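Numbering (this note's numbering), first residue to last: 6 to 333. Since the structure comes first, as structure tokens, the remarks are kept for the end.
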Amino acid sequence: MINTTVSAAVNNRDVIEAEYAAEGGAKRAIVEFNQTGTDWTWLNKDQQFDTDFPTNQKKYNVIIYKSADASKTPVTPVFNANNTYVIQSVGTVGKAKKTVLVTVNVTTGGGGAGGITNYLMYSGGNISLSGSYTQHGNIAAKGSIDTNGSLAPDNNSTLLPNQNDISWLSDFPVLTSTIDSDRPKTTVNPDKKGNYTLSGNYNNQTIVVNGDVTIAANTNFSNTSIYADGTIDLQGGGINFNNNCYLVANGDITMNGSVNLGGAVFVSYGSIDWYGSGTLNSGAIYAQKDITLHGSYTLTYSETTIKNTIGAGGGAGEPPIIGPWSSQ
Numbered sequence: 006m007i008n009t010t011v012s013a014a015v016n017n018r019d020v021i022e023a024e025y026a027a028e029g030g031a032k033r034a035i036v037e038f039n040q041t042g043t044d045w046t047w048l049n050k051d052q053q054f055d056t057d058f059p060t061n062q063k064k065y066n067v068i069i070y071k072s073a074d075a076s077k078t079p080v081t082p083v084f085n086a087n088n089t090y091v092i093q094s095v096g097t098v099g100k101a102k103k104t105v106l107v108t109v110n111v112t113t114g115g116g117g118a119g120g121i122t123n124y125l126m127y128s129g130g131n132i133s134l135s136g137s138y139t140q141h142g143n144i145a146a147k148g149s150i151d152t153n154g155s156l157a158p159d160n161n162s163t164l165l166p167n168q169n170d171i172s173w174l175s176d177f178p179v180l181t182s183t184i185d186s187d188r189p190k191t192t193v194n195p196d197k198k199g200n201y202t203l204s205g206n207y208n209n210q211t212i213v214v215n216g217d218v219t220i221a222a223n224t225n226f227s228n229t230s231i232y233a234d235g236t237i238d239l240q241g242g243g244i245n246f247n248n249n250c251y252l253v254a255n256g257d258i259t260m261n262g263s264v265n266l267g268g269a270v271f272v273s274y275g276s277i278d279w280y281g282s283g284t285l286n287s288g289a290i291y292a293q294k295d296i297t298l299h300g301s302y303t304l305t306y307s308e309t310t311i312k313n314t315i316g317a318g319g320g321a322g323e324p325p326i327i328g329p330w331s332s333q
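What follows is the structure, given as structure tokens:
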């Protein structure tokens, strides 16, 4: 009788732990769905749940399949099309097994209502363009769009003022909580005045600044992301952005001088105010508030650059909708 009671207690404990393991696997998958850069290499493999025990004793195994697929064929999620996925996480502890199922709806923010990443330029306030512009991509604003000078759009480009159905990115703390970790990441603190200056050459890295950023003249960036909890100020000419650069400021982004905007996406949770000239070969410009550009600019939208920076569906447009959960 005692042995039976002990065995039942152990079994109940293992069932509870197996549930925790299954939930842990599901939560790991949910984090990946919300990442700018995702890592799915761990799917469909036994993962250690408790580091104090070998994997074969306490583990979880996660597969993801399309909700409409009755055969539950494992797939790697993609974000360039609308899909409904099911996360299936099986937790195993001893002889006990529990399964957690979570539905995830992924939307691209495509036609009509959708997200800012469909546009070359988007402002949650007003846009003012003064000077000479060549436009390759649609420019949209929640408020007005005023032009003063020469604007030369191509045949597939237009101005879209008074747009109320375009969704913004995740809040800044949410966006920066899931920064792509594929590149070396450096977190730096500003000086006593709250500013950090970047100068020289930066390649294949992510820089997080807990304050304002000044980018000095003749500074070069390639495949580099900059996240500033304050403002970003581009000072002087000779600044170059190439190959999937990503600048995100919790405050304003300002610029003075001639800048090679190159292949980059600029995101301001404040306003964008630029004086000078620049060529954006592939990328986009987004501000939660106003955008004001003075000077001469050639601006070209690039979906590829957006996917390589913001990420297709990763924080842009409508975020993945998680739920419901169920347990078996």
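Using N, Cα and C, we set each Cβ at its ideal position, and we do this for glycine too. A quick note: this is a predicted structure, and the numbers were derived from the prediction, not measured.
Whose CA, out of the options, lies closest to the CA of residue i?
i: residue 312; options: 53, 83, 65; result: 83
i: residue 123; options: 151, 77, 173, 94; result: 173
i: residue 299; options: 253, 145, 283, 69; result: 283
i: residue 153; options: 145, 132, 51, 199; result: 132
i: residue 278; options: 263, 297, 267; result: 297
i: residue 210; options: 326, 307, 192; result: 192
i: residue 217; options: 146, 273, 77, 189; result: 273
i: residue 233; options: 332, 203, 162; result: 203
i: residue 73; options: 81, 91, 145, 56; result: 91
i: residue 47; options: 161, 111, 178, 33; result: 33
i: residue 331; options: 17, 19, 28; result: 28
i: residue 195; options: 263, 294, 49, 235; result: 235
i: residue 224; options: 212, 213, 206, 214; result: 206
i: residue 30; options: 315, 264, 251, 45; result: 45
i: residue 169; options: 81, 146, 254, 328; result: 146
i: residue 21; options: 99, 53, 35, 51; result: 99
i: residue 333; options: 37, 101, 55, 36; result: 101
i: residue 270; options: 54, 55, 121; result: 121
i: residue 254; options: 199, 214, 263; result: 214
i: residue 208; options: 199, 222, 227; result: 227
i: residue 249; options: 222, 176, 307, 263; result: 307
i: residue 294; options: 265, 17, 148; result: 148
i: residue 222; options: 199, 246, 212; result: 246
Check residue i in the structure and name its three-state DSSP category.
i: residue 177; result: helix
i: residue 236; result: coil
i: residue 310; result: helix
i: residue 151; result: strand
i: residue 17; result: helix
i: residue 269; result: strand
i: residue 24; result: helix
i: residue 223; result: coil
i: residue 167; result: coil
i: residue 29; result: helix
i: residue 200; result: strand
i: residue 117; result: Confidence in residue 117 is poor, its pLDDT being 31 and thus under 50, which makes the residue's placement too unreliable to answer from.
i: residue 46; result: coil
i: residue 191; result: strand
i: residue 60; result: coil
i: residue 205; result: coil
What's the call for residue i, buried or exposed, on a 16-neighbour Cβ count within 10 Å?
i: residue 75; result: exposed
i: residue 96; result: buried
i: residue 79; result: exposed
i: residue 276; result: buried
i: residue 157; result: exposed
i: residue 325; result: buried
i: residue 88; result: buried
i: residue 230; result: buried
i: residue 197; result: exposed
i: residue 94; result: buried
i: residue 50; result: exposed
i: residue 328; result: exposed
Opposite residue i in the DSSP bridges: which residues?
i: residue 210; result: 229
i: residue 76; result: DSSP, once it has assigned bridges, lists no residue as partnering residue 76.
i: residue 83; result: In the DSSP output, where bridge partners are listed per residue, residue 83 has none listed.
i: residue 52; result: 65
i: residue 277; result: 258, 296
i: residue 244; result: 264
i: residue 110; result: 89, 326
i: residue 140; result: 158, 304
i: residue 288; result: 269, 306
i: residue 132; result: 150, 296
i: residue 253; result: 232, 272
i: residue 100; result: Answer is none; residue 100 lacks a bridge partner.
i: residue 127; result: 145, 291
i: residue 283; result: 264, 302
i: residue 218; result: 201, 237
i: residue 105; result: 94, 332
8 angstroms is my cut-off, CB to CB: does residue i come that close to chain C?
i: residue 72; result: Looking at the structure shown, chain C is missing, and only one protein chain is on hand.
Quiz item: Contact between the stretch 99-111 and the stretch 121-129: three or more CB pairs below 8 angstroms?
Solution: The stretch 99-111 is not in contact with the stretch 121-129.
Quiz item: For the stretch 53-68 against the stretch 288-297, are there 3 or more C-beta pairs whose distance is under 8 angstroms?
Solution: no
Quiz item: Is the stretch 226-240 touching the stretch 251-263 in the sense that three or more CB pairs, one from each, lie closer than 8 angstroms?
Solution: yes
Practice problem: Specify whether the stretch 131-146 and the stretch 54-65 touch according to this definition: at least 3 beta carbon pairs, one from each stretch, less than 8 angstroms apart. | Solution: The stretch 54-65 and the stretch 131-146 do not touch, with fewer than three beta-carbon pairs separated by less than 8 angstroms.
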